[in-house]
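Chemist: Under numbering that gives the first Met the number 0, think of the first position of the sequence shown as 0, with each following residue one higher. Note that beta-carbon positions come from the ideal geometry of N, C-alpha and C, so glycine has one too.
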Amino acid sequence: MIFAGITKSSLLDYPGKISIVLYTPGCNFNCFYCHNRLIIEDIDHIIPRKEIDDLLEKRLGLIDSVVITGGEPTLHFDLIPFLKKVKSMGYLTKLDSNGSNPEIIQKCIDENAVDYYAIDYKAPISKYEEIARSEANPRNVLNTIRLLIEHQKEFEVRTTVIPQLNLEDLIQMAKELPPLPRYVLNPYRTPEVYLESDQELIDVPPYSENTIAEFAKTVKLYQPNVYLPF
Ligand code: SF4
Numbered sequence: 000m001i002f003a004g005i006t007k008s009s010l011l012d013y014p015g016k017i018s019i020v021l022y023t024p025g026c027n028f029n030c031f032y033c034h035n036r037l038i039i040e041d042i043d044h045i046i047p048r049k050e051i052d053d054l055l056e057k058r059l060g061l062i063d064s065v066v067i068t069g070g071e072p073t074l075h076f077d078l079i080p081f082l083k084k085v086k087s088m089g090y091l092t093k094l095d096s097n098g099s100n101p102e103i104i105q106k107c108i109d110e111n112a113v114d115y116y117a118i119d120y121k122a123p124i125s126k127y128e129e130i131a132r133s134e135a136n137p138r139n140v141l142n143t144i145r146l147l148i149e150h151q152k153e154f155e156v157r158t159t160v161i162p163q164l165n166l167e168d169l170i171q172m173a174k175e176l177p178p179l180p181r182y183v184l185n186p187y188r189t190p191e192v193y194l195e196s197d198q199e200l201i202d203v204p205p206y207s208e209n210t211i212a213e214f215a216k217t218v219k220l221y222q223p224n225v226y227l228p229f
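1) Quick check: the Cα distance between D95 and I38, rounded to an integer number of angstroms?
2) So the alpha helix (DSSP H) E134 belongs to, where does it begin and stop?
3) Just to confirm the assignment: which complete alpha helix (DSSP H) runs, minimum length 4, are found wholly within the segment 48–108?
4) Would you say the beta carbon of N100 comes nearer than 7 angstroms to a heavy atom of ligand 1?
5) Within the present structure, is the beta-carbon of E153 separated from the nearest heavy atom of ligand 1 by less than 7 angstroms?
6) Measure the CB-CB distance between R58 and V192 and report whether it falls below 8 angstroms.
7) Residue range of the alpha helix (DSSP H) that T217 falls in?
8) Mark Q151 as exposed unless 16 or more other C-beta atoms lie within 10 angstroms of its C-beta, in which case mark it buried.
9) Can you tell which of V156, P162, L169 and Y115 has its C-alpha closest to the C-alpha of D202?
10) Specify the secondary structure class of P16 as computed by DSSP and reduced to three states.
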């Protein structure tokens, strides 16, 4: 398993837990608003594995959980053995995913490798490929979410409320999703690093938190467990 970034201590990435966050390189989507563009594109910058192993040993007992995020972690063939190793050390595990690989999520479920999942739902079906690009298929994402429900796993679904989504889009997404235990609406922040060709998209100003809170009141009619992280 290779990693391109570490956050050594985070209170934000696993609900109610202190986490180490490990970032895998590479992604099969290409969202213009990606905040990890350097990680998804620069697969040459890999952190020595010993550094990660030493950190995990040293923080045992001080940190509750290890969050694997990306990039897209499910692209890595040795994800599940790594998660199981971390779990066997005594950590809780969380997996962040764009939901594109239901087969890998099924394996994670079968092997009980993950304690908590966070899956992105990026746009209504009709706009999914326009927003996530790279031939992103929302049916796979919805299948991933259905699997987690079917197997009664702990999870949340997250949407970044980019300015290219309007309230109608958010309502449509809430209707497309099955009833969720936790649906997080994240505010969009303009990324510092982005593709030059995306300048026009980047130039659209973000919604204010107040506007997102107003949107959330309507979205709650369709997904009662909306959560705003601000
Ligand atoms: S799915 Fe996530 S990591 Fe991949 S491009 Fe989109 S925002 Fe970035």
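Modeler: Judging by the given coordinates:
1) 15 angstroms
2) That residue, E134, is in no alpha helix (DSSP H); it is neither H nor E in DSSP.
3) 48–58 and 78–88
4) no
5) no
6) no
7) E208 to V218
8) exposed
9) P162
10) Reading off the sequence, residue 16 comes out as Lys, not Pro. Here K16 sits in coil by DSSP.
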